[in-house]
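For reference, the structure is listed below as structure tokens.
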Amino acid sequence: MTRGVALMVLVFACGSEERPPPPPEPEPEVPVVPVYEAGEVVREVPEEAVAEAPEALTTIDLRDDFAPRIFTPAPELGELGTPPYRGTYVALADERLDQLPEDVEPERFLEVFGIFPTFRVLAARLGNDEVHECHGAIDPAQLHELPYDIKYTTVDVAAERQRVRAYDRELPRFEAERERLGLGTLDALEGVTERDRVFAQFVKDRRRVETMRAVQAHLRCDGLLPAAAVDGVLDESTSDALAQWQRRAMLYAAGSLEATTLAAMRLDSRERDFRAVLRALRERVVDATGVIEDGSAAHAWGTILGRVVDAPELRDTAGHEARPNGAPDWISPATEAAAEALGWTSPEAFTTFAAEGLPEQVAVALPAVPAYHSAHVPLRVEVDRGDVDYELPREVRGARAEGERHPIVTLIAGQGNDEVALVQWPTTIGGWMRETVRGGVALKYKESPVGPRVWRDVVAAPAWIPPGNTPVNDLVRHVGRDRVVPNTTLFGPGYRSAYGLAMMIHHRREENPMGAGDPVFVDEGVRTHGSVAYRSILTGSSHGCHRLHNHLAVRTAGFLLAHRRHVRRGSLLVRHSRELRTANGPVTFRIRSRGYAYELTPPVEVEVLEGRIIGRRRTPDLRAHPVRPE
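Counting in the working numbering, the sequence shown tops out at residue 631, every number present.
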């Protein structure tokens with residue numbers, strides 16, 4: 002019995018079929034990037050092999066969650082590796098306003114402040130036929146060329162209402178006279194009408210009223226003009242709406258009506274939105290290539306597809322000559338090459354491309370980068386303080402000598418005879434600023450120290466910790482009627498904060514007092530940083546820092562990270578909190594990070610030049626000068 006059982010078991014085991022081997026593990030998918038030429042995908046390249054392609058391809062990020070290289074996370078740093086502001090930046094760029102933190106103001110149209118809209122947002126704008134038809138129905142001839150600017154702060158609303166009524170009263174009268182005389186246009190009445198003096202005033206009124214009504218019509222098309230706006234008048238409501246419209250077009254007029262704004266309004270609205278597409282593409286190209294040369298050092302800015310896409314303020318020479326070794330504009334032709342490769346050569350072409358679905362990344366052939374570019378470019382910085390006026394301003398002494406040369410910052414690559422000036426941008430230096438002194442208002446001069454300094458620390462989305470004497474009203478903002486929240490727009494991080502989206506700290510390098518070891522870096526409180534106070538950049542005045550337009554500060558920081566050795570320090574964690582007592586109850590604000598830091602190794606040398614002292618006074622007067630009440 003036992004032997005039989007054993008035999009059965011043996012027979013069963015030998016007669017059973019062997020199990021088939023498990024199927025092989027599937028090969029992991031290799032991420033690929035489509036290569037575009039003339040608007041068509043010509044092939045796909047593995048993501049890791051794009052840089053090795055024979056035609057020198059560059060990968061450009063088209064994703065909706067794009068953020069500049071200064072906001073790239075580093076998971077290996079753990080808690081410190083996540084840039085605190087990245088999520089907010091992405092939400093603002095993609096207009097996901099419901100995803101913003103509670104203490105961040107939900108704003109749109111932030112190009113002028115350094116945050117460019119995503120292509121999803123831009124495609125939606127270009128694809129809104131109803132809005133474009135609304136703009137198209139407005140006669141561009143109604144936007145007259147005015148021999149003056151109109152500023153809300155100088156507008157007498159009551160007088161402007163009278164102007165509108167006078168125009169509306171006289172228009173049918175002169176139209177009737179034109180028909181009676183058999184004239185083709187109202188302009189033909191000049192020198193013919195019996196009411197010459199009335200007609201001369203009518204012509205002036207007509208230009209202004211028709212222009213303002215056309216402006217308001219455009220604002221109404223974009224849903225920006227409130228119902229309370231006064232017809233035909235640049236009142237406060239209209240000025241606020243115009244400022245939003247100007248931000249959308251990346252104009253710097255801040256609610257004033259001037260020639261640049263009128264020229265932009267005369268454009269076809271689809272063309273206007275397409276220029277925003279080219280500007281957004283340009284920033285993606287800049288980020289992908291790490292190139293900064295924009296023609297500013299040579300005073301030779303290029304065009305993109307035959308278009309000047311920037312406001313005149315961004316081509317301001319600040320009264321300085323072009324550098325003889327100024328680099329040509331590389332960014333514009335590279336952006337144009339990218340646009341042509343993608344087929345984004347017209348508003349219609351971009352709209353068609355976007356409707357078929359935007360890829361996350363594309364590879365395109367761009368012009369070769371300058372030969373001096375490398376992983377570590379020899380680099381130095383000059384800050385020319387321009388014309389420096391130490392004399393008291395007019396409101397104290399009754400007059401002021403006006404200078405012609407504003408401060409500029411110049412980035413210079415190379416060494417000796419091989420130096421190349423990469424960019425030359427207007428900036429700011431210190432000047433006369435209002436301060437509260439012993440309960441009154443006084444003027445004090447804020448100096449920008451001269452001499453050698455270094456850029457060692459690069460900080461993305463820096464935060465400013467307000468001193469204890471900062472007024473409570475400055476530290477909070479009202480949301481609706483009853484809610485008060487911390488005013489993060491002031492202390493950041495954010496595009497409106499004191500230091501903008503990026504900063505480079507100026508350190509004075511001193512010998513170690515111990516006589517040996519590493520040098521000591523002294524922070525004097527001066528930075529080169531981004532700013533939304535773009536009017537100050539145009540006038541060259543600050544509290545001592547060197548301000549840049551936010552997007553140029555981001556470009557500078559990105560260039561340094563792409564072409565200088567550095568160590569990523571990550572988020573500068575702090576535990577700062579303060580309870581504020583308001584009429585609506587206590588409000589607590591907290592700052593958990595001073596920004597996202599990188600340390601340049603070695604630092605970049607900076608020389609702050611004295612500039613040209615104008616006026617009789619040769620040194621700053623550091624005393625407080627009370628301002629006479631008006």
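Virtual Cβ for every residue (Gly too), placed ideally from N, Cα, C.
Helix, strand or coil: which one does DSSP assign to residue i?
i	result
Phe-492	helix
Asn-474	helix
Pro-604	strand
Pro-587	strand
Arg-619	coil
Arg-181	helix
Trp-302	coil
Arg-401	Because Arg-401 sits at a pLDDT of 37, beneath the cut-off of 50, its placement in the model cannot be relied upon, and the point is left open.
Ile-293	coil
Tyr-86	coil
Ile-151	strand
Lys-445	strand
Thr-73	coil
Met-515	coil
Arg-198	helix
Leu-220	helix
Ala-369	coil
Leu-562	helix
His-479	strand
Between residue i and residue j, which are expected to be in contact by the criterion C-beta below 8 Å, what is the C-beta distance as a whole number of angstroms?
i	j	result
Ile-538	Thr-411	The Cβ separation is near 15 Å, so there is no contact.
Arg-164	Val-210	6 Å
Arg-276	Arg-308	6 Å
Gly-387	Gly-541	6 Å
Ala-260	Arg-273	That pair is no contact at about 16 Å.
Val-34	Val-51	6 Å
Leu-380	Val-605	5 Å
Val-1	Asn-585	Because the chain in this structure spans residues 2 to 631, residue 1 falls outside the shown range and cannot be described.
Could you tell me which residues DSSP pairs with residue i in its beta bridges?
i	result
Trp-345	In DSSP, Trp-345 forms no bridge with anything.
Ser-532	His-550
Ser-578	Arg-591
Gln-425	Thr-411
Trp-456	His-507, Val-605
Gln-362	Asp-62
Trp-433	Tyr-446
Ser-543	Gly-431
Leu-81	BP columns for Leu-81 are empty, so no partner.
Asp-236	In DSSP, Asp-236 forms no bridge with anything.
Leu-610	Asp-385
Gly-571	Ala-598
Ala-159	Looking at the DSSP assignment, Ala-159 forms no beta bridge with any residue, so it has no partner.
His-133	Answer is none; His-133 lacks a bridge partner.
From the options, pick the residue whose C-alpha is nearest to that of residue i; which is it?
i	options	result
Tyr-363	Pro-371, Phe-354, Val-370	Per the sequence presented here, residue 363 reads as Val, with Tyr not at that position. It is Phe-354 whose Cα lies nearest to the Cα of Val-363.
Asp-524	Arg-478, Tyr-496, Pro-453	Pro-453
Pro-334	Arg-271, Arg-283, Ala-142	Arg-283
Gly-596	Gly-137, Pro-84, Val-46, Ala-50	Pro-84
Arg-267	Gln-143, Glu-191, Asp-188	Gln-143
Glu-349	Asp-269, Pro-427, Ala-414, Val-384	Asp-269
Leu-601	Arg-613, Pro-467, Gly-559, Asp-622	Gly-559
Thr-471	Leu-444, Gly-233, Glu-436, Tyr-500	Glu-436
Ala-356	Phe-120, Leu-58, Pro-21	Phe-120
Tyr-500	Asn-513, Asn-488, His-547, Ala-281	His-547
Leu-258	Arg-273, Thr-239, Arg-271	Thr-239
Thr-73	Pro-23, Asp-330, Tyr-90	Tyr-90
Asp-206	Leu-226, Cys-222, Glu-180, Gly-233	Gly-233
Thr-529	Lys-152, Arg-566, Val-607, Leu-359	Val-607
Val-286	Val-365, Phe-590, Gly-303	Val-365
Thr-59	Ala-75, Glu-38, Asp-65	Glu-38
Arg-64	Ala-323, Pro-360, Val-156, Leu-123	Pro-360
Please confirm whether residue i and residue j have their CB atoms less than 8 Å apart.
i	j	result
Ala-554	Leu-573	no
Arg-570	Arg-593	no
Leu-93	Ile-116	yes
Leu-581	Val-477	yes
Thr-352	Leu-127	yes
Ser-449	Val-533	no
Val-378	Val-292	no
Trp-253	Ala-319	Looking at the sequence provided, one finds Tyr at residue 253 rather than Trp. No.
Gln-425	His-321	yes
Asp-317	Asp-295	no
Pro-408	Leu-444	no
Val-382	Arg-613	no
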